[in-house]
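Some notes on the structure that comes next.
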Amino acid sequence: MTSTAAHRELIIQLESVDKRFGGAHALQDITLGIAAGTVHALVGENGAGKSTLGKIVSGVHRRDAGVVRVCGREVDYHSPRDALDDGVAIIAQELALVPHCSVMENVFLGEESRRGIVLNDRQLRHRYDALIERTGFELPADVRVGDLRIADRQKVEILRALARDARVIVMDEPTAALSRPEAELLLQDIRELRDAGTTIVYVSHFLEETFSIADTVTVLRDGRLVGTVDPAEVSIPDVITMMLGRSQIVEEPRRRDPRELGPVVLEVEGLARTGVFEDVSLRLHAGEIVALAGLVGAGRSEIARAIFGADPVDGGRVAIEGRRMHFRSPRDAIRNRLAMLPESRKDQGLVMGASVADNMTLGVLERFSHFGVARRRAEREAARAMAERVAIRGGGLNSPVSLLSGGNQQKALFGKWLLAEPQVLIVDEPTRGVDIGAKQTIYELLRELAAEGMAVLVVSSDIDEVIALADRAVVVRTGRIVAEFQGDGVDADRIMRAAFGGHRAPDTTENEGIQP
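Under this note's numbering, the very last position in the sequence shown is 518; numbers go up by exactly one each time.
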């Protein structure tokens with residue numbers, strides 16, 4: 003227990019808690035105390051069990067063994083509703099809001115004050131105004147939630163929890179989808195909630211944020227509790243060592259000599275889409291990793307989607323091995339051995355209710371059929387081999403991909419596209435939402451693919467990622483390519499200056515997009 007939390011009463015206690023999902027042992031013998039009125043962080047690699055532990059505390063999952071106590075009383079929540087009735091709420095990564103309803107309607111959804119069957123709007127507004135005064139949030143009651151930014155939607159979730167007198171709020175990766183300025187504002191909101199007496203269970207893989215806000219940090223690895231520490235008394239590298247079971251390996255960027263590269267396999271010339279990007283020209287060689295860098299909104303993802311045939315273009319051309327292509331859809335691109343991992347694996351890349359194996363073979367089913375008859379054994383063997391190659395952990399081939407951690411879901415998405423055997427692979431934010439261990443695995447995989455002769459185009463807003471991976475960095479600003487750097491020229495300061503229009507921002511941590 004940390005110095006901040008040592009004198010406080012324990013509001014949550016777990017004793018020998020276990021949880022399994024099929025054959026996967028998600029949590030093993032977890033014993034932990036969480037002090038009232040503190041921010042208690044749960045950290046670990048994806049698949050370590052931190053989200054599962056938060057969901058057991060909040061009633062999303064039921065434990066298989068062990069004891070959970072809230073305020074000294076043993077509880078066995080059957081649902082999040084049971085937990086909420088007991089003052090324990092969860093704000094999940096996928097926000098559970100009704101987009102077409104107003105902020106106030108979402109805050110009091112299911113809890114409306116009524117006179118008979120008529121809503122007492124005046125009383126609701128009085129309660130809403132009291133919540134706004136308590137939190138300091140500036141959220142108009144009648145604005146549609148669907149019109150709000152993600153950061154403001156999270157505030158609606160917080161208000162909803164407080165409207166139900168939540169004493170404990172579990173926050174699962176609350177800043178994963180936020181820009182840095184939005185994340186800082188949310189962290190300040192969390193500090194104010196803690197100071198007002200609310201207990202926050204903070205699940206995150208962003209260690210710098212965690213250290214800036216947590217009173218206590220609990221480290222999990224492979225479903226087991228490694229230790230609980232005071233962030234004021236340990237360093238981030240110490241916690242990384244606890245998470246990984248080893249010290250983090252810091253590698254120098256490994257850039258290939260242009261003379262070692264193969265021929266040009268992808269050529270883009272004068273590509274344009276009105277109002278989005280214009281006059282985009284670039285080349286990718288076999289065995290080369292090229293990064294598209296730039297600020298959020300610069301047009302990087304839109305350029306990648308257009309190359310892949312996912313979005314229409316108004317002009318320009320795309321050529322594969324010198325053959326001009328006109329991709330009417332991604333299917334056309336895939337047939338010509340071009341694949342793309344989208345930015346959102348859940349919305350655009352994976353079928354979350356399908357198994358790991360079915361997701362990985364989805365794009366190549368014709369390979370595993372003979373005269374219309376599925377060759378399931380061959381399909382399963384291909385999926386198994388690919389799962390081993392991309393190092394998927396934490397679930398069997400028949401488990402729903404939704405049960406995997408974010409990092410392992412991303413690996414499954416890599417496996418899906420690698421089974422298509424592409425010559426050119428486009429990856430949009432390949433390590434967003436994954437932990438340090440999974441990030442290192444993905445970096446190694448991309449380097450291996452390039453070494454085998456694949457051309458890789460990486461879209462990334464993480465400047466460290468660009469520097470770590472790219473043989474060449476192409477900078478996009480306001481829909482145009484404005485700079486290109488190669489070899490030792492792939493430098494953070496040069497890229498940032500190009501992205502910001504020749505002048506590096508005074509404090510880049512306050513700007514969206516490329517993250518210093």
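Beta carbons are placed, not taken as given, at the ideal position from N, Cα and C, and that holds for glycine.
Is the CB-CB distance between residue i and residue j below 8 Å?
| i | j | result |
| --- | --- | --- |
| V147 | P101 | yes |
| R377 | A359 | no |
| V241 | V62 | no |
| A67 | E290 | no |
| V356 | P314 | A quick correction: the sequence has Ala, not Val, at residue 356. Result no, Cβ atoms of A356 and P314 do not sit closer than 8 Å. |
| A335 | S462 | no |
| L421 | V366 | yes |
| L415 | R337 | no |
| I322 | L340 | yes |
| L273 | G318 | yes |
Nearest to residue i by alpha carbon, out of the options?
| i | options | result |
| --- | --- | --- |
| A165 | V478, A91, H207 | A91 |
| V458 | D430, L34, V477, E96 | D430 |
| R226 | A494, D281, A440, I32 | I32 |
| M245 | Q15, G481, V228 | V228 |
| K21 | L12, K52, I36, V461 | K52 |
| S407 | E47, G365, E345, R196 | E47 |
| F329 | I309, E454, L188, E269 | I309 |
| P82 | D473, V172, R369 | V172 |
| R182 | E135, I152, V72 | I152 |
| R162 | V484, L141, G74, T177 | L141 |
| R75 | N108, L126, G49, E17 | E17 |
| R325 | E269, P332, R379 | E269 |
| I13 | I428, V77, A28 | V77 |
| L188 | A168, K157, V105 | K157 |
| Q95 | Y445, M106, T54 | T54 |
| E454 | D473, I497, L263, L399 | L263 |
DSSP has residue i in a bridge; who is on the other side?
| i | result |
| --- | --- |
| H27 | R22 |
| Q15 | G35, R71 |
| Y204 | A43, M173 |
| H287 | V266 |
| D430 | V461 |
| L273 | V282 |
| R377 | Its beta-bridge partners do not exist; DSSP assigns none. |
| V478 | I483 |
| Q156 | None, per the DSSP bridge assignment. |
| L227 | L222 |
Exposed or buried, which one is residue i when buried takes at least 16 other CB atoms within 10 Å?
| i | result |
| --- | --- |
| P432 | buried |
| R65 | buried |
| T480 | exposed |
| R302 | buried |
| Q190 | exposed |
| G39 | buried |
| G199 | exposed |
| A385 | buried |
| V353 | exposed |
| H42 | buried |
| R117 | In this prediction, R117 has a pLDDT of 42, which is less than 50 and means its spatial position is unreliable; what the coordinates show is noted afterwards. Under this definition R117 is an exposed residue. |
| I238 | exposed |
| D197 | exposed |
| A132 | exposed |
| V298 | exposed |
| V19 | buried |
| H80 | exposed |
| G515 | Only weak support exists for where G515 lies, its pLDDT of 43 falling under 50; the coordinates are left without a value. |
| H207 | buried |
| A500 | buried |
Using a C-beta cutoff of 8 Å, does residue i count as contacting chain B?
| i | result |
| --- | --- |
| S407 | Here chain B cannot be found, since the structure has a single protein chain. |
Exercise. Which runs of the beta strand (DSSP E), 3 residues or longer, sit entirely within the segment 401-449?
Worked result: 426-430
Problem set entry | Residue ranges of each beta strand (DSSP E) within the segment 288-373, 3 or longer | 291-295, 317-322, 325-327, 340-343
Problem set entry | Start-end ranges of the alpha helix (DSSP H) lying completely within the segment 79-115, minimum 4 residues | 82-87, 105-109
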